[in-house]
Each structure stands twice: as structure tokens, then as C-alpha cells.
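The structure appears right after this line, and notes come after that.
In UniProt numbering, the protein residues as written are 1 to 307.
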């Protein structure tokens with residue numbers, strides 16, 4: 001179907017959205033994006049929401065579909081629901097071209113939920129910065145923006161905690177102080193963010209705290225702790241993690257499996273094999289994926305495609 005015809009159908013609310021037709025707006029050129037934008041901003045709110053929700057779902061299901069140019073354009077949309085969906089669609093996008101849009105959203109006067117989503121989306125760029133994959137100017141801009149929000153006591157707590165999660169990979173003394181502040185609070189969500197940030201810092205000095213939190217009464221905190229242990233990747237924590245394979249909470253069990261897969265080593269591998277052979281069928285898929293990762297850590301070349 002030609003792009004123009006597809007856009008005509010999009011503009012007509014009586015025409016149902018057909019998933020297979022969305023290939024017409026995959027990987028749009030700049031000229032095609034201009035044509036799309038002229039149609040997009042004339043659509044009704046209901047129609048735009050239906051369209052972008054469909055695009056996000058399709059992009060998650062198929063790596064061959066690329067709607068990132070549309071999602072970046074939607075960072076300027078007036079509808080915060082659409083904007084948040086666009087951020088969801090850009091979750092795995094790592095090109096620096098999206099940075100200005102995310103920072104603009106984050107520092108705007110929009111609602112706290114969509115701004116918190118923008119802060120979270122910047123988290124992967126903080127990791128890239130620490131790996132040396134961003135320009136120095138981009139690194140400074142991201143770090144300074146997130147830290148300014150974290151410092152602002154008048155800022156929404158949701159935005160502040162997501163900023164802490166995002167900026168944690170820089171692991172400066174100031175960031176460590178904020179992790180301690182968030183960890184010592186009685187607010188469950190803020191404490192969860194502190195534990196998440198501990199893993200993202202890459203700092204193994206947090207391990208004793210995390211090992212203690214594996215026994216926390218709150219499933220949400222055990223879940224975050226298991227993930228943080230996986231991020232740190234230290235084999236010393238594996239004996240403590242294994243107990244969570246019998247946890248009463250399914251999500252905690254899955255987080256434990258994922259962490260064992262990230263850490264690897266003989267003990268983790270053995271636990272995963274036992275889980276597959278003797279464990280709950282509902283955990284088998286996660287256990288197999290984790291085991292694949294352990295095998296990859298042991299011999300990355302075994303996964304290399306044959307030439």
C-alpha cells in the first residue's frame with residue numbers, strides 16, 4: 001500500500017487499523033516523515049493513541065519494524081499519554097539523536113509520570129557514557145540534568161527517584177550519598193530505587209547490604225535486590241541467591257533466575273540445571289534463557305554464527 005493511501009486510512013476513524021499495513025511507516029526517510037507529520041498532527045487524540053499503541057506493540061513483537069523516527073517525532077506531541085508511549089517505543093534506541101528530545105521532556109513542565117519516564121529512558125545512555133560510547137558534551141548534559149533534578153527537593157519524588165536510578169552508573173560520591181538517603185527512607189518505592197541504583201553503580205561494596213535485603217519481607221524489595229545482584233555480577237552472592245528459587249513470589253523467582261544467568265559460574269549453572277530438571281514448569285522458560293546466558297559467558301564463541 002502506498003504511504004499516501006495508508007495515511008488517508010489513518011486519518012479516517014471509520015477505517016480499522018490493520019497491523020500488516022504499518023510496514024509503510026517503518027524506517028521512514030526524512031521526506032517521508034515530513035509527509036507523515038503533516039497527517040499526524042491533524043488526527044484526533046483517540047486515533048493517535050490507538051495508532052501509537054499499535055506501533056509500540058508491533059515493534060516489540062518484530063525486530064524488523066523500526067518506528068523510531070515516528071516515536072522521536074512524538075516526543076513533541078501535546079498529549080502526554082502519546083508522549084509516554086513514544087518513550088516506551090524508544091526504550092532500546094541508543095542513538096544520540098534522541099537525547100535532546102528526552103532531556104527537553106524531562107526539564108519541561110509536563111506531568112511527573114511522563115517526565116519520570118524520560119528520566120528512566122536516559123538511564124541506558126548513562127551506561128553508554130560510562131562505557132565511553134558518548135561524546136563528552138552529551139555525557140555532561142545527561143549527568144548535570146539528572147543531578148539537578150535529584151538535588152531539587154521541590155521536585156516530584158517520582159522524577160527524583162527515576163533520576164537516581166538513571167544516573168547511578170556514574171557512581172560519584174554525591175550519587176552514593178543519594179543512594180544512602182533513598183535506602184534509609186521508609187518510602188517503599190524510593191527504597192526500591194536505591195536498591196536498583198546499587199546494582200547500576202557497579203560498586204561491589206554494596207554487596208553486604210544487598211545480601212541482607214534478599215531476606216526482606218517485601219517481595220518488591222527482594223525482586224529489586226535479586227536484579228541488583230545480577231547487575232553486580234559477583235559469584236560470591238550466588239549461594240545467597242539460590243534460596244530465592246523457592247520464594248513464594250513468582251516474579252522474585254524469575255528475577256533470581258535472571259541474576260544467576262548474568263553472574264554465571266559453576267554454582268549458578270548447577271542451580272539452573274536443577275531448576276530445569278526438578279522445578280516448576282512455569283519457570284522453565286526463564287531458567288533455560290538464564291542457562292543459555294551462562295553457557296555464553298563460559299564460551300562466547302560457541303554462539304558465533306558459522307561462516
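For glycine and all other residues, C-beta sits at the position ideal for the given N, C-alpha and C. Being a predicted model, the structure only gives us computed values, none of them experimental.
| query | result |
| --- | --- |
| Residue 24 versus residue 156: straight-line alpha-carbon distance, rounded | 40 Å |
| Inside the region 184-220 only - alpha helix (DSSP H) runs reaching at least 4 residues | 188-201, 207-213 |
| Residue 221 burial status per 10 Å Cβ neighbour count (16 or more: buried) | buried |
| As assigned by DSSP and simplified to three states, the class of residue 306 | Low confidence applies here, because residue 306 scores a pLDDT of 48, under 50, leaving its location unreliable and the question unanswered by this model. |
| Sequence-distant residues of the same chain with beta carbon closer than 7 Å to residue 192, five excluded per side | 220, 221, 224 |
| C-alpha distance - residue 158 paired with residue 43, whole-angstrom precision | 31 Å |
| Rounded Cβ spacing between residue 226 and residue 252 (contact assumed at less than 8 Å) | 6 Å |
| Contact under 8 Å by Cβ, residue 105 with residue 83 | yes |
| For residue 167 and residue 308, believed in contact at Cβ under 8 Å, the rounded distance | Nothing can be reported for residue 308, as the shown portion of the chain is limited to 1 through 307. |
| Element boundaries [alpha helix (DSSP H), containing residue 140] | 136-151 |
| Span of the alpha helix (DSSP H) around residue 13 | No alpha helix (DSSP H) holds residue 13; DSSP gives it neither H nor E. |
| Cα-Cα separation, residue 111 to residue 267 | 46 Å |
| Distance between residue 15 and residue 9 (C-alpha atoms, nearest Å) | 6 Å |
| Close Cβ partners of residue 49 (< 8 Å) along its chain, the five nearest in sequence each way excluded | 79, 81, 82, 85 |
| Continuous alpha helix (DSSP H) assignments of at least 4 residues falling wholly in the region 54-131 | 68-73, 80-89, 99-106, 112-121, 123-130 |
| Nearest-angstrom Cα separation, counted from residue 145 out to residue 107 | 8 Å |
| Range of the contiguous alpha helix (DSSP H) that encloses residue 251 | 250-263 |
| Cβ pair residue 102, residue 116 closer than 8 Å | no |
| Span separating the alpha-carbon of residue 292 from that of residue 230 | 15 Å |
| Rounded separation between residue 88 and residue 3 - CA only | 24 Å |
| Sub-8 Å separation of residue 182 and residue 190 beta-carbons | yes |
| Assigned secondary structure, residue 357 (DSSP; H/G/I helix, E/B strand, else coil) | Because the chain is modelled from 1 through 307, residue 357 falls outside the range shown and cannot be assessed. |
| Within 8 Å, strictly: CB atoms of residue 71 and residue 90 | yes |
| Per-residue DSSP class, three states only, for residue 287 | helix |
| Inter-residue Cα distance where the pair is residue 185 and residue 257 | 28 Å |
| Exposed unless 16 or more other CB atoms sit within 10 angstroms - verdict on residue 281 | exposed |
| Residue 156, DSSP secondary structure in three states | coil |
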